[in-house]
């Protein structure tokens with residue numbers, strides 16, 4: 039509970055201050071993703087199965103490790119809350135070469151090499167009118183006292199400040215898919 043409260047306060051302060059990017063370091067995300075899953079799995083209901091698939095080798099990206107962890111945890115907690123009954127949350131990570139520009143919420147993803155991380159859940163899905171608002175600070179569909187509306191906006195902000203891009207696809211009754219694209223610096227390209 040204390041850790042959740044600390045994380046919530048940090049997220050609120052980050053949104054309120056419009057913080058500048060923190061120091062970014064070359065990061066191999068695979069060990070961190072494995073650590074996140076091993077930490078979260080015991081806290082998730084047994085009816086929810088977490089899986090991780092990483093293509094080998096994964097390129098390094100420039101991002102603060104604690105910020106990256108916060109973004110992924112927020113997305114996984116959101117996915118967990120979307121699942122009623124038995125379900126799955128799958129994380130896939132792989133290098134992705136983008137040949138054409140892709141427009142997103144407020145950003146354009148330009149051609150280049152990216153680390154693509156996809157988080158897919160078998161939850162309730164999101165209606166189109168709500169999808170337009172999910173990254174807004176303090177927007178939540180949860181009952182009063184059960185959600186802050188900070189998690190997805192915080193995750194989005196972390197990825198954007200690292201020079202990345204996030205997109206969401208979803209359909210009511212068919213789950214959701216969050217895709218993260220983080221640019222691979224030229225020094226990390228093989």
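Numbering (this note's numbering), first residue to last: 39 to 228. Note that CB positions come from ideal geometry on N, CA and C, so glycine has one too. These numbers come from a predicted model, not from an experiment.
Per-residue DSSP class, three states only, for residue 138: coil
For residue 216, which residues of its own chain have a beta-carbon under 6 Å away from its beta-carbon, when the five flanking residues on both sides are left out? 113, 157 and 206
Three-state secondary structure assigned by DSSP to residue 67: helix
Assign residue 91 to one of three DSSP states: helix, strand, or coil. strand
On the CB-based measure, 16 or more other CB atoms within 10 Å of its CB, does residue 100 come out buried or exposed? buried
In the DSSP output, which residue or residues are listed as bridge partners for residue 152? 134 and 221
Just verifying my parser: in three-state terms, what is the DSSP assignment at residue 85? coil
Let me make sure I understand the geometry here. Which of 213, 221, 194 and 175 has the alpha-carbon closest to that of residue 128? 213
Short of 7 Å in beta carbon distance, which residues of its chain neighbour residue 209, apart from the five on each side in sequence? Order them along the chain. 163
Under 8 Å: do the segment 76 to 90 and the segment 147 to 157 share three or more Cβ pairs, one atom per stretch? no
Neighbourhood of residue 173 by C-beta, 7 Å cutoff - its chain only, sequence neighbours within 5 removed: 143, 190, 191 and 194
In whole angstroms, give me the CA-to-CA distance for residue 91 and residue 167. 31 Å
Coil, strand or helix - residue 191 by DSSP: helix
Compute the beta-carbon to beta-carbon distance between residue 147 and residue 106, rounded to the nearest angstrom, for a pair I have assumed lies under 8 Å. With 8 Å as the limit, residue 147 and residue 106 do not qualify as a contact, their Cβ atoms being about 18 Å apart.
For residue 84, which of 96, 121 and 97 has the nearest alpha-carbon? 121
Per-residue DSSP class, three states only, for residue 117: helix
Can you give me the C-alpha to C-alpha distance between residue 131 and residue 96, rounded to a whole angstrom? 8 Å
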